[in-house]
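Comments concern the structure below.
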Amino acid sequence: MLVVTGCSSNTDSVFYTSTSNSGYSTTTTSTSSGTSTSLTTQSEENIARVPWDYKIVEGSVGDLINSDMTVLPDYQLLPNDDNYATGEQIWLLQFMDAEMVTDDKQRNEIRLSAWRTIKSYKTKEKAEEDMSNLKIAVTTEVDMIGVYKTEFKGETRNFAVVELPSGHRIKQPIDDKRFTDFEKKKKVNVQLEEIHDFADYDLAYAKFRGWAK
Numbered sequence: 007m008l009v010v011t012g013c014s015s016n017t018d019s020v021f022y023t024s025t026s027n028s029g030y031s032t033t034t035t036s037t038s039s040g041t042s043t044s045l046t047t048q049s050e051e052n053i054a055r056v057p058w059d060y061k062i063v064e065g066s067v068g069d070l071i072n073s074d075m076t077v078l079p080d081y082q083l084l085p086n087d088d089n090y091a092t093g094e095q096i097w098l099l100q101f102m103d104a105e106m107v108t109d110d111k112q113r114n115e116i117r118l119s120a121w122r123t124i125k126s127y128k129t130k131e132k133a134e135e136d137m138s139n140l141k142i143a144v145t146t147e148v149d150m151i152g153v154y155k156t157e158f159k160g161e162t163r164n165f166a167v168v169e170l171p172s173g174h175r176i177k178q179p180i181d182d183k184r185f186t187d188f189e190k191k192k193k194v195n196v197q198l199e200e201i202h203d204f205a206d207y208d209l210a211y212a213k214f215r216g217w218a219k
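Here the working numbering is used: the first residue of the sequence shown is 7, the next is one more, and so on.
Here's what the structure looks like:
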């Protein structure tokens, strides 16, 4: 189990869920007699914040401030746990989270955060070792919600909708062969990438990375 430490301002778990009202919509229905009925409804959004990605970048140590240091090029303040000197070259683990917004029609919107540095390393190899535990490729079975076709300007496209372990539904383009194969299936095998929370390793978000045999 990986525990990333050393930056108290960045070690809170990123996971949260909330529900918000996104506004009102009005639907007007006309009848043959000429009368109309208007129905106003309030739409609701479910918002979940999840870990989205990690990357490793090369940086250097800037000013030393008490027990902390600024790291370049972003001038972010980190604890100087390894007693680095100003100007020393280091490797930085950076993190991005995402807000997954799902409306009452199961449509998803992804809002990505900026990259932020969460830990420093003396060597790239040590940084890669930590990141390999935070981003893990897995093959698993997920629910097949269904398949459908669309047509535009004479071109037909096929799509499959699956439900990820997080409960989010995604659609992916598929070819004719997969459309026929998936049409009657309730479960399919997929390749996922588990992105683990650096503050609570047991929490992870699975991203779709392809179909599996």
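Cβ atoms here follow ideal geometry from the backbone N, Cα and C, with glycine treated the same way. Owing to the predicted nature of the structure, the values given are computational and were not obtained by experimental measurement.
Proximal residues to residue i (C-beta, below 7 Å), its chain only, five neighbours per side dropped
| i | result |
| --- | --- |
| K141 | Y60, E199, I201 |
| I116 | A104, M106 |
| H174 | M106, T108, N114 |
| D182 | N164 |
| M137 | Y60, I62, L99 |
| K128 | D88, I96 |
| P79 | G65 |
Integer Cβ distance of residue i from residue j, believed to fall under 8 Å
| i | j | result |
| --- | --- | --- |
| V77 | G68 | 7 Å |
Beta-carbon proximity list for residue i, same chain, < 8 Å, skipping 5 on both sides
| i | result |
| --- | --- |
| K192 | D149, M150 |
| K132 | W97 |
| Q112 | R175 |
| F185 | V153, K155, N164, A166 |
| Q82 | T76, R122, T123 |
Exposure label - residue i; buried when at least 16 CB within 10 Å
| i | result |
| --- | --- |
| D203 | buried |
| F158 | exposed |
| A166 | buried |
| S36 | With a pLDDT of only 45 at S36, under the threshold of 50, the placement of this residue in the model should not be trusted, and no figure is reported. |
| L118 | exposed |
| T41 | For T41, the predicted model reports a pLDDT of 48, less than 50, meaning its position is unreliable and no value from the coordinates is stated. |
Pair within 7 Å by beta-carbon distance, residue i and residue j
| i | j | result |
| --- | --- | --- |
| A143 | L170 | no |
| S99 | I71 | The displayed chain sequence assigns Leu, not Ser, to residue 99. No, Cβ-Cβ distance for L99 and I71 is not below 7 Å. |
| A210 | V196 | no |
| N86 | S73 | yes |
| V153 | E94 | no |
Close-in-space but distant-in-sequence residues of the same chain around residue i (CB under 6 Å, 5 per side omitted)
| i | result |
| --- | --- |
| S38 | Confidence in S38 is poor, its pLDDT being 48 and thus under 50, which makes the residue's placement unreliable; the coordinate value appears in the next sentence. No residues qualify anywhere along the chain. |
| T156 | R163 |
| I180 | N164, A166 |
| Q178 | A166 |
* To do: Let me know the beta strand (DSSP E) ranges lying completely inside the segment 98-184, each 3 residues or longer, listed in chain order.
  => 114-118, 122-127, 141-158, 161-169, 175-180
* List in chain order: all unbroken beta strand (DSSP E) runs of 3+ residues lying wholly within the segment 56-84. => 74-78
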